[in-house]
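A.B. asks:
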Amino acid sequence: MSADEAKYKKTGMNIRTGGLEASASEEKKPSSEGGGVASEAQRSDAPLFRPSTTPLESPASYFRILRNPKPPANMESLLLEPFCYIADVPGKGVRSMLIKAFNHWLEVPDEQVRKISEVVEMLHNASLLIDDVQDGSELRRGVPCAHKVYGVAQVINSANYVYMLAMEKVAALGHPDALSVCLEEMLQLHRGQGLELVWRDNVECPTEEEYQRAVLDKTGGLTRLSSKLLTLFAQKDEVVDLVPLANLIALHYQIRDDVLNLTDKRMQGLKGFCDDLTEGKFSFPVIHAIRARPNDSRLINIIRQRTTDPEVKRYAVRYMHSVGSFVYAEKVLNKIRDSILDTIAEYGGNELLTTIVVDHLCKPLDLSVDDDSTHDAHASSAPSML
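Just so we're aligned: 162 in UniProt numbering is position 162 of the sequence shown, and the numbers increase by one with no gaps anywhere.
1) Under 8 Å between the Cβ atoms of V120 and L187?
2) Exposed or buried, which one is E238 when buried takes at least 16 other CB atoms within 10 Å?
3) With distances taken Cα to Cα, identify the nearest neighbour of E168 among Y328, D359, L299, L123.
4) Using the C-alpha atoms, what's the distance from T219 back to A159?
5) Beta carbon of A146, beta carbon of V155: below 8 Å?
6) Does the stretch 227-237 come into contact with the stretch 173-180, if we say contact requires no fewer than three beta-carbon pairs (one atom in each stretch) closer than 8 Å?
7) Going along the chain, which unbroken runs of the alpha helix (DSSP H) with 4 or more residues stay wholly within the stretch 290-360?
8) Is the stretch 305-325 touching the stretch 274-294 in the sense that three or more CB pairs, one from each, lie closer than 8 Å?
9) Please list, in chain order, all residues of the same chain as V143 whose beta carbon is under 7 Å from its beta carbon, the five residues on each side excluded.
10) Is it the case that the stretch 289-298 contacts the stretch 243-261, given that we only count it when at least three CB pairs across the two stretches are under 8 Å?
11) Counting along the chain, where does the alpha helix (DSSP H) carrying F83 start and finish?
12) Report the three-state DSSP secondary structure of P144 (helix, strand or coil).
13) Just to confirm, are H104 and L352 a CB contact at a threshold of 8 Å?
14) Excluding the five sequence neighbours on either side, which residues of its own chain have a C-beta within less than 6 Å of the C-beta of V162, listed in chain order?
15) I believe H252 touches L361 by the beta-carbon criterion, under 8 Å. Please report the beta-carbon distance rounded to the nearest angstrom.
16) Find out if the Cβ-Cβ distance for the pair F284, C205 is shorter than 8 Å.
17) Could you tell me which residues DSSP puts in a beta bridge with L251?
18) Within this structure, are the beta carbons of residue 388 and R298 separated by less than 8 Å?
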C-alpha cells in the first residue's frame, strides 16, 4: 500500500475510485453492544454527510478529456446556436455571388472556392452578431436580433467562437499566406468598426474622407479577403489585382445601404424604421447634411438623442431631403458605379460581375418624398467626393 493510500484509508477515501467508502477493517469492526457491524451513528469517526453512491470520476477520465478537448456534438450545437439563429435566416448573399464572379479571372478549383465562401460567410454572420450588440439593434433580416433572444453574453461568445473556427478553416486551406491575409483583413475590419463607435459615442461627425476610410476598413474587409484568398489559389499564370475593384464595390455597397436605411420601406421592415438614427450612426446622408449646414445643429442633436420616436425620425429624413443629401448620395453612387464598370472593362470584362453590379448592387434608388419634405430648408453645397 502506498503512503497516499494509507493516508486516505483512514478517512474512507479510495484513491483509485475517488469515492468515499468504509475501509475493510471498519466494515468488520464489531459493535461494542451487540457484536455486529457498527452503524454510522455508533461510530465516532463516521462522516457527517453520507457519501454519494456514485463515485467521482477517476483521474484517468480527466486525462482522457485533456487528450481530446473538443466538445461533444451536443455541446458544440449549444455554443453555435446564436450564430446559427441568424445564419439560417437568408441574407442578400452578395459575398458569395462576388466570390463566384471574381473567380472568372482566377480559375480557382471549385472545392477551394466553396471553402473560401464558407469562411467569408462565417466571418460575415459572426460580425453581424457583434454589430447588433454594439449598435443596440432590434431587428436583423426581419427577425429579432440574436442578443434579444439569447442574451448579450451568449451572443458575444458564440460570435468570437465562430471567428476562431473560421481562422481554423483558413489555416486548413493549405496556403502558408492564407492565415496572415485573413488576420490582416480582420484587423482592418475592427479598426473600421472601432472608428464608427468612437464617432457615435462621442457624437463627433467625421469628414467624408474619414467616412470612406472607415468603410474601406470595415465593409471592404471581407470583400478584399475574398479576392485575396482566391488569388492565393489562382490557377492562371497572370492574375489581376482585384483589391481596387473590391474597394469600389464595398464603398458603393455601404453608401447605398446608408441611403436605403433611411428611405426604403422594405429595408425598414427588415431592420426597423430608420434604425441608423436610433443607433446614432453618422451615415453618409447624415454626414453630408451636417457638414452642408455647419451652423444648424438640429440634425446632430437628433443624432445625439438616439431617438426611437417615428415622428422625429421622419423630421430628420425630411431635413436631409431639404439639404439635398440624398440627391448628393445618388450622384456619388453613380460615379462609383461607373468606376466599377470601367474597372471591369479594363480587366477584360466579366459578364457575371457586370450583371451583379447592374441588377443587384447598383439598382436605381427610389428617392421620392412627400411634398412637405422641403418646407424648412434649401439645398446647400458641401465638400464633394465627386
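Glycine included, C-beta positions come from ideal geometry on N, C-alpha and C.
Here the structure is a predicted model, which means the values were calculated and not measured.
C.D. replies: Short version:
1) Using a Cβ distance threshold of 8 Å, V120 and L187 do not count as a contacting pair.
2) Under this definition E238 is an exposed residue.
3) For E168, the nearest C-alpha among the options comes from L123.
4) Looking at the two C-alpha atoms, the distance is approximately 17 Å.
5) In terms of Cβ geometry, A146 and V155 form a close pair [threshold 8 Å].
6) Yes, the stretch 227-237 is in contact with the stretch 173-180.
7) Whole alpha helix (DSSP H) segments, 4+ residues: 298-305, 310-323, 325-346, 351-356.
8) Verdict: yes, contact present.
9) Taking V143 as the centre and dropping the five residues before and after it, the same chain places the C-beta of V89 closer than 7 Å to its C-beta, in chain order.
10) Touching, no.
11) Its alpha helix (DSSP H) spans residues 73-87.
12) In this structure, P144 counts as strand in the three-state DSSP scheme.
13) With contacts defined by Cβ atoms closer than 8 Å, H104 and L352 form a contacting pair.
14) For V162, where only same-chain residues beyond five positions count, the Cβ hits under 6 Å are F83, M122, A126.
15) Rounded to whole angstroms, the Cβ separation of H252 and L361 is 6 Å, and the two are in contact under 8 Å.
16) For F284 and C205, no; Cβs fall outside 8 Å.
17) BP columns for L251 are empty, so no partner.
18) Nothing can be reported for residue 388, as the shown portion of the chain is limited to 1 through 386.
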